[in-house]
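Novice: Let me begin by handing over the structure; questions about it come next.
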Ligand code: CA
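Numbering (my numbering), first residue to last: 11 to 420.
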């Protein structure tokens, strides 16, 4: 599909993150209260204002979250996308009515796009799981015995999911390593990022669902940074998995890119080493070809990219993760957020965490601007970016950024 041209000129730039083909949803505030909006070129289209004058159907766009709209379901999602495409297409008769509801994006503050009802994080990238397993258990036993049979995950905290731009406090926790005789309570010394995609569940379930049904339940995708304290995790994780190591914060990008916008970029999961059980079997292409990168900006320094990878490197799709999550009968809710797991690729420059980039701290990452990193330092800003490259256009997500602040003294 080529670029769909719009009368909003900035949406037609091939480098624009938000062409007419994209139309992602978010919650913005321009000083007049939080409302839902759609990104188009350099602007936000005020859906709350459009709802107030019946330009678009009423879906709770002045409620401060997208949950009400998501709950309406796939038919409503498709109808609104169709309406918006008509309003913004080149030659649209609606330009004079629509233009007053466009607000420059650089004049708004983005809020959390939806109320996160539950947050689950998976461990479904094979390169990441192999790298981490090799570091801790050796190459022979890198993948846990269950790994090729199901997407393994843990129940995280919805309360600590924050929108891009929010500063992140370095966590304090219990640390116990070979260098300490007894555990100590101290700021994490191995604080890290994890480059992930987040799937936003837009429809509920009350029992097991097929992979196809799970795919239909997903409203869209965001970039996700699952901030992780490796040293807290190393001491606490057996036998119940990560707890405080992952509870500090999870950052998401402010725009939810819909499944409809990503449709042209679907691609298959990799060949299966062992056949998947029926509830997880692949039924069609459910990953997406989305280029991803991680950039670091040290305090007082400049931004530089430290990793590049692609979402198609995942072993399990979000639809498979959701089908597995619901397989026990676990009810899934509107606003459930599923983290993909860290997305690394086969090469060293494709690694989506400092744990892997510095190989557990043993091989410090050399920054181009000078200096090295094993793990994050106070003042570091981390920015995730992602984009699907179409024919003369790009589907962007907006930055997912956060800066590490020193630990708060208790
Ligand atoms: Ca994670």
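Each residue gets a CB set at the ideal place from its N, CA and C atoms; glycine is no exception.
Keep in mind that this is a model prediction, so the values were computed, not measured.
Could you give the DSSP three-state label for residue 362: helix, strand or coil?
Specialist: Coil.
Novice: So what does residue 281 bridge to, in DSSP terms?
Specialist: None, per the DSSP bridge assignment.
Novice: Tell me whether residue 238 counts as near ligand 1, meaning its Cβ is closer than 8 angstroms to at least one heavy atom of that ligand.
Specialist: Under cutoff, so the answer is yes.
Novice: Any heavy atom of ligand 1 within a distance shorter than 8 angstroms of the CB on residue 241?
Specialist: No, since every heavy atom of ligand 1 falls outside the 8 angstroms radius drawn around the Cβ of residue 241.
Novice: Within its chain, find whatever has a CB closer than 6 angstroms to the CB of residue 263; leave out the 5 residues flanking it on each side and keep chain order.
Specialist: Here the set comprises 174, 232, 233, 407, 408 and 410.
Novice: Is the beta carbon of residue 66 sitting closer than 9 angstroms to the one on residue 93?
Specialist: Result yes, Cβ atoms of residue 66 and residue 93 sit closer than 9 angstroms.
Novice: Going residue by residue through the stretch 180 to 260, where are the continuous beta strand (DSSP E) segments of at least 3 residues, counting only ones entirely within it?
Specialist: Segments of the beta strand (DSSP E) lying fully in the stretch 180 to 260: 182 to 185, 194 to 197, 205 to 211 and 228 to 236.
Novice: So, are the CB atoms of residue 304 and residue 394 less than 9 angstroms apart?
Specialist: Contact flag set, yes.
Novice: Hey, could you find the ends of the beta strand (DSSP E) residue 84 is sitting in?
Specialist: Looking at the DSSP string, residue 84 is not in any beta strand (DSSP E); the run it does join, the alpha helix (DSSP H), is 84 to 98.
Novice: In terms of alpha-carbon separation, which member of 331, 329, 319 and 391 lies closest to residue 359?
Specialist: Here the closest residue by C-alpha is 319.
Novice: Considering only the beta carbon of each residue, do residue 170 and residue 202 sit closer than 9 angstroms?
Specialist: No.
Novice: What does the alpha-carbon distance come out to for the pair residue 63 and residue 122?
Specialist: Residue 63 and residue 122: Cα-Cα distance of roughly 25 angstroms.
Novice: Quick check: what's the CA-CA separation for residue 422 versus residue 11?
Specialist: As displayed, the chain neither begins before 11 nor continues past 420, which places residue 422 out of reach and without an answer.
Novice: Look at residue 329 and residue 222 and say whether their C-beta atoms are less than 9 angstroms apart.
Specialist: Yes; because the gap between Cβ atoms is below 9 angstroms, this pair is in contact.
Novice: Can you round the beta-carbon distance between residue 211 and residue 194 to whole angstroms, since I take them to be within the 8 angstroms contact cut?
Specialist: Not a contact, Cβ separation roughly 39 angstroms.
Novice: Would residue 156 be called buried (16 or more neighbouring beta carbons within 10 Å of its own) or exposed?
Specialist: Exposed: under 16 other Cβ atoms inside 10 Å.
Novice: Tell me whether residue 216 counts as near ligand 1, meaning its Cβ is closer than 8 angstroms to at least one heavy atom of that ligand.
Specialist: Residue 216 Cβ: outside cutoff for every heavy atom of ligand 1.
Novice: If distances are taken between C-alpha atoms only, which option among 136, 83, 84 and 49 comes closest to residue 282?
Specialist: It is 136 whose Cα lies nearest to the Cα of residue 282.
Novice: Here's a check: name, in chain order, each residue in its chain whose Cβ is nearer than 7 angstroms to the Cβ of residue 56, leaving out the five neighbours to either side.
Specialist: 45, 47, 111 and 113.
Novice: Candidates 21, 260, 109 and 379: which alpha carbon is nearest residue 308's?
Specialist: The candidate whose alpha carbon is nearest that of residue 308 is 379.
Novice: Run through the DSSP bridge pairs and tell me what residue 22 is partnered with.
Specialist: BP columns for residue 22 are empty, so no partner.
Novice: Taking the DSSP output, what are the residues bridged to residue 132?
Specialist: Residue 132 is bridged to 163.
Novice: How long is the line joining the alpha carbons of residue 58 and residue 100, rounded to whole angstroms?
Specialist: So the alpha carbons of these two residues sit roughly 23 angstroms apart.
Novice: Between the alpha carbons of residue 181 and residue 252, how many angstroms are there, rounded?
Specialist: One C-alpha to the other measures close to 14 angstroms.
Novice: Starting from residue 398, trace the beta strand (DSSP E) both ways and give me its first and last residue.
Specialist: Segment 391 to 399, the beta strand (DSSP E) holding residue 398.
Novice: With DSSP collapsed to three states, give me the class of residue 16.
Specialist: It is a strand residue.
Novice: Name the two residues that bound the continuous beta strand (DSSP E) containing residue 172.
Specialist: Note, residue 172: beta strand (DSSP E), 171 to 173.
Novice: Report yes if the CB atom of residue 335 is closer than 9 angstroms to the CB atom of residue 348, and no otherwise.
Specialist: Yes, Cβ-Cβ distance for residue 335 and residue 348 is below 9 angstroms.
Novice: Between residue 43 and ligand 1, is the CB less than 8 angstroms from at least one heavy atom?
Specialist: No - ligand 1 has no heavy atom lying nearer than 8 angstroms to the Cβ of residue 43.
Novice: Do residue 163 and residue 116 have their beta-carbon atoms positioned less than 9 angstroms apart in this structure?
Specialist: It is not a contact, given that the beta carbons lie outside the stated cut-off.
Novice: Is it buried or exposed, residue 107, if we count other Cβ atoms within 10 angstroms and call 16 or more buried?
Specialist: Its Cβ having fewer than 16 others within 10 Å, residue 107 is exposed.
Novice: Give the single residue among 225, 344, 311 and 272 whose Cα lies nearest to the Cα of residue 291.
Specialist: Looking at the Cα atoms, 225 is the closest of the given residues.
Novice: Quick check on DSSP: helix, strand or coil for residue 312?
Specialist: It is coil, neither helix nor strand.
Novice: First and last residue of the alpha helix (DSSP H) that includes residue 61?
Specialist: Counting along the chain, the alpha helix (DSSP H) containing residue 61 begins and ends at 57 to 62.
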